[in-house]
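> Below is a structure I'd like to ask you about.
Protein chains in written order, with this note's numbering: chain H, 442 to 546; chain L, 181 to 342.
Listed below in structure tokens is the structure:
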């Protein structure tokens with residue numbers, strides 16, 4: 442399926458620290474839900490999310506099926522300055538990958 | 181006679197196909213998914229109890245209940261209308277946090293999320309999770325090699341794992 446570009450990544454300076462907000466666009470099927478025909482929908486969920494600041498890896502998130510649809514995350518980074526590059530990559534259980542990048546404002 | 185030959189040919193073909201399929205799967209298994217998912221702790225995420233998940237994830241399940249972590253679940257807190265996306269917020273005053281895990285006790289697979297944190301990351305951490313039914317939600321934090329745990333009971337109106 443290739444790269445998905447609907448993912449949103451925002452980073453903002455707030456009181457000297459950086460606040461990062463992530464909203465990924467992904468159905469996050471658990472493999473337990475059924476469609477209208479009563480068939481199970483195959484599992485499809487993000488497993489691994491990695492996050493970098495200026496090419497230094499800062500955070501790894503491992504997700505199970507219990508992560509909500511269109512996953513949302515928010516966290517803070519110590520210090521930082523405007524123009525820092527925040528980047529993020531994710532991989533789901535089927536091998537689909539996503540990439541998002543932003544500059545700190 | 182023709183039929184027999186045919187049968188034999190089929191078997192030979194079948195064997196050849198399955199052999200090549202196995203070889204292909206093995207090769208791709210070694211090359212692709214392993215590289216991509218090398219660090220996804222499958223045992224931990226497929227564990228069906230909180231203890232098993234913690235053992236698989238952290239090699240230990242001995243935790244100190246502690247007030248050093250504070251934890252908000254649900255909107256409004258401790259109640260969630262829709263179990264398919266329950267907001268969770270984790271806050272802590274602890275230093276040297278190495279790992280954070282979020283578990284939902286009564287979900288089919290309790291482990292919802294596991295974070296590897298570096299010193300550049302500061303809490304609060306916010307996210308949304310699915311909760312199947314009224315259940316304890318547990319946050320585990322490993323800091324300085326010790327495990328800290330806090331939990332909160334959440335009521336759910338509509339289950340979120342169906």
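Quick reminder that beta carbons are idealized off the backbone N, C-alpha and C, glycines included.
This one's a predicted model, so the numbers in the text were calculated from it and none came from an experiment.
#1: Please identify the residue among 220(L), 253(L), 248(L), 221(L) whose C-alpha is closest to the C-alpha of residue 327(L).
#2: May I have a chain-ordered list of the beta strand (DSSP E) segments no shorter than 3 residues that lie completely inside the stretch 446 to 484 of chain H?
#3: For residue 451(H) and residue 294(L), I'd like the C-alpha separation in whole angstroms.
#4: Between residue 325(L) and chain H, is any beta-carbon pair separated by less than 7 Å?
#5: Quick check: the stretch 307 to 327 of chain L against the stretch 272 to 283 of chain L, are there 3 or more CB pairs under 8 Å?
#6: Measuring straight from C-alpha to C-alpha, what distance separates residue 275(L) and residue 476(H)?
#7: So, at 7 Å on beta carbons, what are the nonlocal neighbours of residue 520(H) in its own chain, with the 5 sequence-adjacent residues on each side left out?
#8: Would you say residue 306(L) reaches chain H, if we count a Cβ-Cβ gap shorter than 7 Å as a contact?
#9: Do residue 271(L) and residue 250(L) count as a contact pair if the criterion is CB distance below 7 Å?
#10: For residue 290(L), list the residues DSSP reports as bridge partners.
#11: Can you give the Cα-Cα distance for residue 500(H) and residue 186(L), rounded to whole angstroms?
#12: Looking at the C-beta of residue 514(H), does it have a partner C-beta in chain L at a distance below 7 Å?
#13: The ligand NAD and residue 315(L): does any heavy atom of the ligand fall closer than 6 Å to the residue's C-beta?
#14: Would you report the Cα separation of residue 301(L) and residue 316(L), rounded to the nearest angstrom?
#15: So is residue 276(L) in contact with chain H if we call contact Cβ pairs under 7 Å?
#16: Helix, strand or coil: how does DSSP classify residue 274(L) here?
#17: Got a sec? Which residues, its chain only, sit under 6 Å from residue 262(L) by beta carbon, not counting five neighbours each side?
#18: Is DSSP giving residue 500(H) helix, strand or coil here?
#19: Residue 291(L) versus chain H: which residues are under 8 Å apart at the beta carbon?
#20: With a threshold of 16 other CB atoms inside 10 Å of the CB of residue 144(L), please say whether the residue is buried or exposed.
#21: Which of the three DSSP states, helix, strand or coil, is assigned to residue 321(L)?
#22: For residue 505(H), does the count of other Cβ atoms within 10 angstroms reach 16, so buried, or fall short, so exposed?
#23: Determine whether the Cβ of residue 309(L) lies closer than 7 Å to any Cβ atom of chain H.
#24: How should residue 330(L) be labelled, buried or exposed, when 16 other C-beta atoms within 10 angstroms of its C-beta is the threshold for buried?
#25: If you run the structure through DSSP and keep just helix, strand and coil, what is residue 222(L)?
#26: By Cβ distance, which residues of its chain are closer than 8 Å to residue 304(L), with the 5 residues on each side in sequence left out?
With the given structure in hand:
#1: 248(L)
#2: Positions of the beta strand (DSSP E) runs, each at least 3 residues long and wholly inside the stretch 446 to 484 of chain H, are given as 449 to 455, 458 to 464 in order along the chain.
#3: 22 Å
#4: no
#5: yes
#6: Taking the straight line from one Cα to the other gives about 46 Å.
#7: 457, 458
#8: yes
#9: Yes, they are a contact pair.
#10: Residue 290(L) pairs with nothing; no bridge assigned.
#11: Roughly 59 Å between the two C-alpha positions.
#12: yes
#13: This structure lacks the ligand NAD; in fact it carries no ligand of any kind.
#14: 26 Å
#15: No, residue 276(L) lies away from the interface with chain H (no Cβ there is under 7 Å from its Cβ).
#16: coil
#17: 338
#18: strand
#19: 505, 507
#20: Here chain L has residues from 181 to 342 only, and residue 144(L) is not among them.
#21: In the structure shown, residue 321(L) sits in a strand (DSSP, three-state: E or B).
#22: Result: buried.
#23: Residue-level contact check: residue 309(L) touches chain H, since one or more beta carbons of chain H fall below 7 Å from its beta carbon.
#24: buried
#25: helix
#26: 269, 270, 271
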